[in-house]
Amino acid sequence: MKTKLSLLSAAVLSASLMVMPAISHAAIPLAVDGQQVPSLAPMLEKTTPAVVAVAVSGTHVSKQRVPDAFRYFFGPNSPREQVQERPFKGLGSGVIINAEEGYIVTNNHVIEGADEILIGLHDGREIEAKLIGSDAESDIALLQIKAKNLTALKRADSDELRVGDFAVAIGNPFGLGQTVTSGIVSAMGRSGLGIEMLENFIQTDAAINSGNSGGALVNLNGELIGINTAIVAPGGGNVGIGFAIPANMVNNLIDQIIEHGEVRRGVLGVSGRDLDSELAQGFGLDTQHGGFVNEVMPDSAADKAGLKAGDIIVSVNDRAIKSFQELRAKVATMGAGAKVKLGLIRDGDKETVTVTLGEASQSTETSAGAVHPMLDGAKLENDKKGVEITDIAQSSPAAASGLQKGDIIVGVNRTRIDDLKELKAELKEQQGAVALKILRGKTSLYLVLR
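For the sequence shown, the positions run -26 to -1, 1 to 424 when mature numbering (1 follows the signal peptide of the UniProt record, and there is no 0) is used.
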């Protein structure tokens, strides 16, 4: 059976946000036979007012290429694309992170394309929100409302989380109203799921469902540890495998959006792959966690800091990492100019290197890995025919996919693409394996990315 990964925003047609009232002490027995009964109610009474419903409405605009044969039939001046508009409404969740400023964090996919964003507060108020900024690659958006008497969540250090820590999910599944579920942290540093461009998820078994997107994952102190984003849903419902964006990643992104109105992504300037058992054995290592550096881009931040091909990066700011994908996600959510301490293994010895991250626009590093993990290591540039692979790193994921220097990407599955923007947008819509249509010299072929 094919596993289905699902984002959590829910389409609804109701105009009401249907927000549940606060939990009452009267409904929770505090003692049985004179013995104190453990309860999450006191913590939730302080926490749940900070989690809001996010209702959106707008118009989806889709473009479909008109085949050349039909264009010829209707005349040479007929449009190349057919544009269709379809109204939509949706419902997700959000978290108030600053009560004075009215800042609310949610997922980008909850508000993407929305013409109107309406916030439903815990006390029943409904207030229109303004979009301050968003980042599609990490799936984070920042909203702002003007209101008094708001409650904000304190953010925890998500790098301190351990597998087995208790976690509580708060959101608005299926438009039912605010719902609370509990579980534990099942895993950390989950990546390679194909949900987002930048993945470094907290995995939890706290029940989260459609409509929980943008809601809070909190610890037992009521502190925000993550923003709920997606679930594994083979049958379309919760099976106890949910994913949240760590609070520390959210902090980095929100700080940039507040300061600049956008995310100014930091760039390290390396391509690489996960350290696996085969590589670890070849290098005589007793660890199988980390990011193996295949190539260091000339004049990049990594090059200036002295990183070398063959280095194995095992920690970021003294926090261990599991994979190259986790390294990429952490670095990419830090702002340009940020100083990052990297722990690495070089020729069997442990070393520490401090890197000042470059700006994406100024770096020689390609953003291909952000377009699709299996394009990492390729340099992409627009060509009059499509998107050209102008360079490719040896032993990179892109090379392993079968791509070669000089290849021109002209399609994704059955959809024609003309430039990097269309390639990125089309790959974002796909889940699982995708087929790239390639022009290689005078030959046309398909390569499958998994």
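Glycine included, every Cβ here is placed at the ideal spot set by N, Cα and C.
Practice task
Grab me the residues of residue 227's own chain with a C-beta within less than 7 Å of its C-beta, minus the 5 sequence neighbours each way, in chain order.
Solution key: 109, 112, 114, 237 and 307
Problem - Cβ shell of residue 124 (< 6 Å), same chain only, five flanking positions each side left out - result: 70 and 73
Handout entry: Neighbour-count burial assignment, residue 180, 16 or more Cβ in a 10 Å radius
Key = buried
Exercise for the section: Determine the burial state of residue 296: buried for a count of at least 16 other Cβ atoms within 10 Å of its Cβ, exposed for fewer. Expected result: buried
Practice task
Check the DSSP bridge columns for residue 247 and list the partner residues they point to.
Solution key: 266
Problem - Segments of 3+ residues assigned as beta strand (DSSP E) that fall wholly inside the region 72 to 123 - result: 77 to 80, 88 to 94, 100 to 102, 104 to 109 and 114 to 118
Handout entry: Continuous beta strand (DSSP E) stretch holding residue 355: start and end
Key = 352 to 356
Handout entry: C-beta atoms of residue 222 and residue 132 nearer than 9 Å
Key = yes
Problem - 7 Å Cβ shell around residue 400 - same chain, five flanking residues per side excluded - result: 386, 389 and 391
Problem - Coarse secondary structure for residue 175, derived from DSSP in three states - result: strand
Exercise for the section: Could you have a look at residue 217 and say whether DSSP puts it in helix, strand or coil? Expected result: strand
Handout entry: Presumed contact (8 Å Cβ cut-off) between residue 172 and residue 303, rounded CB distance
Key = 4 Å
Exercise for the section: Compare the C-alpha of residue 79 against each of 218, 205 and 246 and name the closest. Expected result: 218
Practice task
Using alpha carbons as the reference points, say which of 234, 14 and 309 lies closest to residue 142.
Solution key: 14
Practice task
Report buried or exposed for residue 137, applying the criterion of at least 16 other Cβ atoms within 10 angstroms of its Cβ.
Solution key: exposed
Problem - Residue closest to residue 90, alpha-carbon to alpha-carbon, out of 61, 96, 97 and 98 - result: 61
Exercise for the section: With DSSP as the reference, please indicate the residues paired to residue 144 in a beta bridge. Expected result: 154 and 190
Practice task
Answer with buried or exposed for residue 422, where buried requires no fewer than 16 other C-beta atoms within 10 angstroms of its C-beta.
Solution key: exposed
Exercise for the section: Kindly confirm or deny that the region 312 to 319 and the region 343 to 356 touch, where touching means at least three C-beta pairs closer than 8 Å. Expected result: no
Handout entry: Element boundaries [beta strand (DSSP E), containing residue 239]
Key = No beta strand (DSSP E) contains residue 239, which DSSP labels as neither H nor E.
Problem - At least 3 beta-carbon pairs within less than 8 Å: the region 16 to 30 vs the region 146 to 165 - result: yes
Exercise for the section: Using beta-carbon positions only, say whether residue 266 and residue 253 come within less than 9 Å of one another. Expected result: yes
Problem - Which listed residue (404, 76, 129 and 373) has its alpha carbon closest to that of residue 232 - result: 76
Handout entry: residue 246 vs residue 277 beta-carbon contact at 9 Å
Key = no
Handout entry: Same chain, Cβ closer than 6 Å to residue 285, five either side skipped, listed in chain order
Key = 267, 318 and 320
Practice task
Could you please give me the residues that DSSP links to residue 33 through a beta bridge?
Solution key: 61
Handout entry: Cβ shell of residue 409 (< 6 Å), same chain only, five flanking positions each side left out
Key = 387, 420 and 422
Practice task
Less than 8 Å between the CB atoms is what I'm expecting for residue 183 and residue 220, so what's the real figure, rounded?
Solution key: At roughly 21 Å, the Cβ-Cβ gap does not stay under 8 Å, so residue 183 and residue 220 are not in contact.
Practice task
Return the CA-CA distance between residue 257 and residue 412, expressed in angstroms with no decimal places.
Solution key: 36 Å
Practice task
Identify every residue that forms a DSSP beta bridge with residue 198.
Solution key: 129 and 192
Practice task
On a CA-only basis, which of 293, 362 and 31 is nearest residue 66? Give me that one, please.
Solution key: 31
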